[in-house]
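So the structure is just underneath, and the comments pick up after that.
2 protein chains.
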Amino acid sequence: MGTDHVTEKQPRAPRTDARRNHARILEVAHAVVAEQGTQASLRDIARRAGIGLGTLYRHFPTRDELLETLLGERFDRLAATATALETAHPPADALTEWLAEYAAFAAVYRGLTSSVMATLEDETSSLHASCLAMRQTVGRLLGNAQQAGLVRSDVTATDLFALVNALGWIAEQAPSLAARRDHLLGLVLDGLRPAAGRP
Amino acid sequence: MGTDHVTEKQPRAPRTDARRNHARILEVAHAVVAEQGTQASLRDIARRAGIGLGTLYRHFPTRDELLETLLGERFDRLAATATALETAHPPADALTEWLAEYAAFAAVYRGLTSSVMATLEDETSSLHASCLAMRQTVGRLLGNAQQAGLVRSDVTATDLFALVNALGWIAEQAPSLAARRDHLLGLVLDGLRPAAGRP
DNA sequence: ATATAACCGGAGCAGTGCTCCGCATACAAT
DNA sequence: ATTGTATGCGGAGCACTGCTCCGGTTATAT
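Taken in sequence, the protein lines are chains A and B. Just so we're aligned, residue 1 is where the first sequence starts under UniProt numbering, counting upward by one. Just so we're aligned, residue 1 is where the second sequence starts under UniProt numbering, counting upward by one.
Dropping the structure here:
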């Protein structure tokens with residue numbers, strides 16, 4: 001049973017119009033989400049992409065799936081940034097710098113923080129993997145800082161992630177608070193430093 | 001122009017059915033909001049109260065108005081608690097104790113934190129007044145703690161409110177995080193303490 | 001008993017997420 | 001070039017949301 005040609009089980013490549021629509025959806029979705037946040041209307045995205053709603057839903061059956069494609073790469077890049085910072089900076093600097101970077105990113109995509117938190121909780125989410133990977137990478141930075149005695153040992157990566165996302169949430173609530181984002185981040189980070197006579 | 005009777009401009013008391021519905025709405029709304037959070041469907045509330053949607057909207061033209069009646073009293077009580085703590089405890093204890101109380105309250109009403117933050121920003125909201133009053137009262141506690149040198153002087157009441165609401169937000173995101181709420185509150189509070197050689 | 005102001009309740013509008021399926025079409029085989 | 005069909009398209013439709021508007025009901029004062 002061996003046909004000469006490569007006709008094993010090629011499921012046939014997607015049609016050109018499908019590929020075109022796929023790309024167009026991502027293009028428009030990026031713009032709309034940057035404008036209106038992760039809660040943007042999918043109908044609106046379809047309309048602005050000049051395609052039918054059904055088409056959008058076939059390409060991305062759930063909102064998460066769309067966000068995954070939209071954000072997955074960014075998350076991976078943030079994880080890579082963490083790894084880079086790990087070798088190039090002393091532990092404490094690496095951690096604070098990454099957190100600042102993440103906060104800046106969260107400022108662009110409104111609603112991202114909620115999505116991330118929900119995703120980390122929901123294992124069936126398609127965004128789960130990339131979020132978890134990112135958290136684990138940051139967990140290494142945290143571990144380094146703790147080993148160096150620069151961060152309290154009773155702080156988990158989950159804690160840290162929750163806090164930095166909460167700061168992102170604050171910034172989303174009001175422009176005036178967004179301006180104080182760095183200040184608040186500083187306050188929180190000070191809370192993570194070990195004090196004399198504490199674990 | 002002086003009629004003997006008291007017919008000056010009495011706008012006439014509300015009808016008994018109106019009073020009954022008003023009370024019933026509040027009763028049901030409390031239950032539903034406690035169950036489903038502040039984003040509960042108003043249609044659902046009307047349905048469960050056994051009244052028409054129009055009736056609900058006439059009694060409370062906006063969601064905020066309903067929440068105001070539902071939460072205003074609680075807010076006032078929280079403000080009163082703050083005043084009580086101010087005289088009964090040393091500055092730092094008073095502040096931390098109040099914050100813990102607020103966090104506990106926020107845990108009951110899901111979505112409350114978002115409402116509060118939005119309300120503080122929106123002066124036209126009917127909840128604005130009570131929220132602002134509460135924040136100002138807490139601001140006094142904060143001022144005392146700062147004067148006693150127990151809290152950094154560059155922390156504003158707005159900062160503090162944002163942070164404690166953010167902690168409430170975290171707890172809403174996942175049950176597992178709700179369990180660590182007090183721990184996270186501790187972390188944040190440590191960040192507020194002044195360090196040597198800092199303002 | 002009656003007049004009427006106050007009140008009730010739901011139909012209706014515009015929006016949302018999401019499903020389903022008849023029809024058009026890109027592509028392969030002839 | 002023609003034809004067959006798998007594949008993809010797009011919108012009608014369902015169930016929900018917040019909110020408005022108004023014809024019919026009813027409590028209350030006369």
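Built from N, CA and C at the ideal position, the CB exists for glycine as well. Treat the numbers as computed from the prediction; the structure is a model and nothing was measured.
Burial state of B/R58 (16 or more Cβ within 10 Å):
Counted from its first residue, the second sequence places residue 58 of chain B at position 58. Classification for B/R58: exposed.
Cβ distance (whole Å) where B/G168 is taken to contact B/A107 below 8 Å
The residue given as residue 168 of chain B occupies position 168 in the second sequence. The residue given as residue 107 of chain B occupies position 107 in the second sequence. At roughly 7 Å, the Cβ-Cβ gap stays under 8 Å, so B/G168 and B/A107 are in contact.
Going straight from the alpha carbon of A/R135 to that of A/G54, what length do you get?
Working through the first sequence from its first residue, we reach residue 135 of chain A at position 135. Working through the first sequence from its first residue, we reach residue 54 of chain A at position 54. Answer to the nearest angstrom: the Cα atoms are 34 Å apart.
Under 9 Å between beta-carbons, which chain B residues line up against A/E121? List them in chain order, please.
Looking up residue 121 of chain A in the first sequence gives position 121. The answer, in chain order, is Q173, A174, P175, S176 and L177.
Sorted by chain position, which residues of the same chain lie with C-beta nearer than 7 Å to A/D76's C-beta, five sequence neighbours on each side aside?
Within the first sequence, residue 76 of chain A is the residue found at index 76, counting from 1. So the list reads S130, once near-sequence residues are dropped.
Spatial neighbours of A/Y102 within its chain, please: CB distance less than 7 Å, with the 5 preceding and 5 following residues excluded, ordered by chain position.
For the purposes of this step, residue 102 of chain A is taken as the residue at position 102 of the first sequence. For A/Y102, where only same-chain residues beyond five positions count, the Cβ hits under 7 Å are L78 and V164.
Does any CB atom of chain A fall closer than 8 Å to the CB of B/R180?
Position 180 of the second sequence holds residue 180 of chain B. It does: the Cβ of B/R180 has a partner Cβ on chain A nearer than 8 Å.
When you compare the CB positions of A/E97 and A/L112, do they come within less than 8 Å of one another, or not?
The residue labelled residue 97 of chain A in the question sits at position 97 within the first sequence. The residue labelled residue 112 of chain A in the question sits at position 112 within the first sequence. No; because the gap between Cβ atoms is not below 8 Å, this pair is not in contact.
Say whether chain B places a C-beta atom closer than 8 Å to the C-beta of A/V151.
Within the first sequence, numbered from 1, the residue matching residue 151 of chain A stands at position 151. No, A/V151 does not count as interfacial toward chain B.
Give the DSSP-derived three-state secondary structure of B/F105 in the structure shown.
The residue given as residue 105 of chain B occupies position 105 in the second sequence. In this structure, B/F105 counts as helix in the three-state DSSP scheme.
Please state whether DSSP places A/R47 in a helix, a strand or coil.
What you label residue 47 of chain A is simply residue 47 of the first sequence in a count that begins at 1. Of the three classes helix, strand and coil, the one that applies to A/R47 here is helix, per DSSP.
Can you tell me which of the three DSSP states residue 201 of chain B falls into?
Nothing about residue 201 of chain B can be reported from this structure: the residues present for chain B run from 1 to 199 only.
Can you tell me the Cβ-Cβ gap for A/A166 and B/I45, rounded? I've got them flagged as a contact below 8 Å.
For the purposes of this step, residue 166 of chain A is identified with residue 166 of the first sequence, where counting begins at 1. For the purposes of this step, residue 45 of chain B is identified with residue 45 of the second sequence, where counting begins at 1. Contact flag wrong, Cβ pair sits at about 30 Å.
Let's test the definition: count the other Cβ atoms within 10 Å of the Cβ of B/E123 and tell me whether it reaches 16, buried, or not, exposed.
Position 123 of the second sequence, counted from the first residue, corresponds to residue 123 of chain B. Exposed, since its Cβ has fewer than 16 Cβ neighbours within 10 Å.
Using the Cβ count rule (16 or more neighbours within 10 Å means buried), how would you classify B/T156?
Mapped onto the second sequence, residue 156 of chain B falls at position 156. By the 10 Å Cβ count, B/T156 comes out exposed.
Proximity to A/R110 [Cα-Cα], best of A/R152, A/V32 and A/L160:
What you label residue 110 of chain A is simply residue 110 of the first sequence in a count that begins at 1. Here the closest residue by C-alpha is A/V32.
Looking only at its own chain, which residues have a Cβ that is under 8 Å from the Cβ of A/A92, when we skip the five neighbours before and after it?
Translated into the one-based positions of the first sequence, residue 92 of chain A becomes position 92. Answer for A/A92: A145, A148, L150 and V151, listed in chain order.
Buried versus exposed call for B/S153 [16 or more other C-beta atoms within 10 Å across all chains shown]
Position 153 of the second sequence, counted from the start, is the residue given in the question as residue 153 of chain B. Exposed: under 16 other Cβ atoms inside 10 Å.
Where the alpha helix (DSSP H) containing A/V151 begins and where it ends:
As a first step, residue 151 of chain A must be located in the first sequence, where it is residue number 151. Where A/V151 is concerned, there is no enclosing alpha helix (DSSP H), given that its DSSP letter is neither H nor E.
Let me know the alpha helix (DSSP H) ranges lying completely inside the segment 127-194 of chain A, each 4 residues or longer, listed in chain order.
128-147, 157-173, 175-179 and 181-192
State the start and end residues of the unbroken alpha helix (DSSP H) segment that holds A/S114.
Residue numbering aside, residue 114 of chain A sits at position 114 when the first sequence is read from its first letter. Looking at the DSSP string, the run of the alpha helix (DSSP H) that includes A/S114 is L112 to E121.
Straight-line CA distance for A/V138 to B/R180?
Your numbering for residue 138 of chain A matches position 138 in the first sequence. Your numbering for residue 180 of chain B matches position 180 in the second sequence. So the two alpha carbons sit approximately 19 Å from each other.
Mind checking whether A/A118 and B/Q173 have CB atoms under 8 Å apart?
Residue mapping note: residue 118 of chain A aligns to position 118 of the first sequence, counting from 1. Residue mapping note: residue 173 of chain B aligns to position 173 of the second sequence, counting from 1. In contact: A/A118 and B/Q173 (Cβ atoms closer than 8 Å).
Taking 8 Å as the CB-CB cut-off, is A/M117 touching chain B?
In the first sequence, the residue the question calls residue 117 of chain A occupies position 117. Judged by the 8 Å Cβ criterion, A/M117 is in contact with chain B.
When we look at the beta-carbon of B/A94 and count the other beta-carbons within 10 Å, is it buried (16 or more) or exposed?
Here residue 94 of chain B refers to the residue found at position 94 of the second sequence. It is buried - the Cβ of B/A94 has at least 16 other Cβ atoms within 10 Å.
Can you tell me whether A/M1 is buried or exposed? The criterion is at least 16 other CB atoms within 10 Å of its CB, across all chains shown.
Within the first sequence, the letter at position 1 stands for residue 1 of chain A. Only weak support exists for where A/M1 lies, its pLDDT of 47 falling under 50; the value from the coordinates is given anyway. Exposed, because fewer than 16 other Cβ atoms sit within 10 Å of the Cβ of A/M1.
Since B/A107 meets chain A, which of its residues come closer than 8 Å, beta carbon to beta carbon?
Position 107 of the second sequence holds residue 107 of chain B. Under the 8 Å cutoff, chain A gives no residues; its nearest Cβ is about 15 Å from B/A107.
Using a Cβ-Cβ cut-off of less than 9 Å, give me the residues of the segment 154-167 of chain B that come near chain A, in sequence order.
D154, V155, T156, T158, D159, A162, L163, N165, A166 and L167
Output the boundary residues of the alpha helix (DSSP H) element that contains B/Q39.
Numbered from 1 along the second sequence, position 39 holds the residue referred to as residue 39 of chain B. Per DSSP, B/Q39 belongs to no alpha helix (DSSP H) and is neither H nor E.
Helix, strand or coil for B/T124 per DSSP?
As a position in the second sequence, residue 124 of chain B is number 124, starting the count at 1. Coil at B/T124, not helix or strand.
Measuring CA to CA, which of A/H183, A/P194 and A/L141 is closest to A/H89?
Reading the first sequence from its first residue, position 89 is the one you call residue 89 of chain A. Closest by alpha carbon: A/L141.
Just to confirm, is the Cβ distance from residue 254 of chain B to B/L67 under 8 Å?
The first residue shown for chain B is 1 and the last is 199, placing residue 254 of chain B beyond what the model contains.
Please name the residue, chosen from B/P175, B/L187 and B/S115, that lies closest to B/D64 on a Cα-to-Cα basis.
For the purposes of this step, residue 64 of chain B is taken as residue 64 along the second sequence, with counting starting at 1. When only C-alpha atoms are compared, the closest one is B/S115.
Let's test the definition: count the other Cβ atoms within 10 Å of the Cβ of A/G191 and tell me whether it reaches 16, buried, or not, exposed.
To locate residue 191 of chain A, count along the first sequence from 1; it is residue 191. Burial call: buried.
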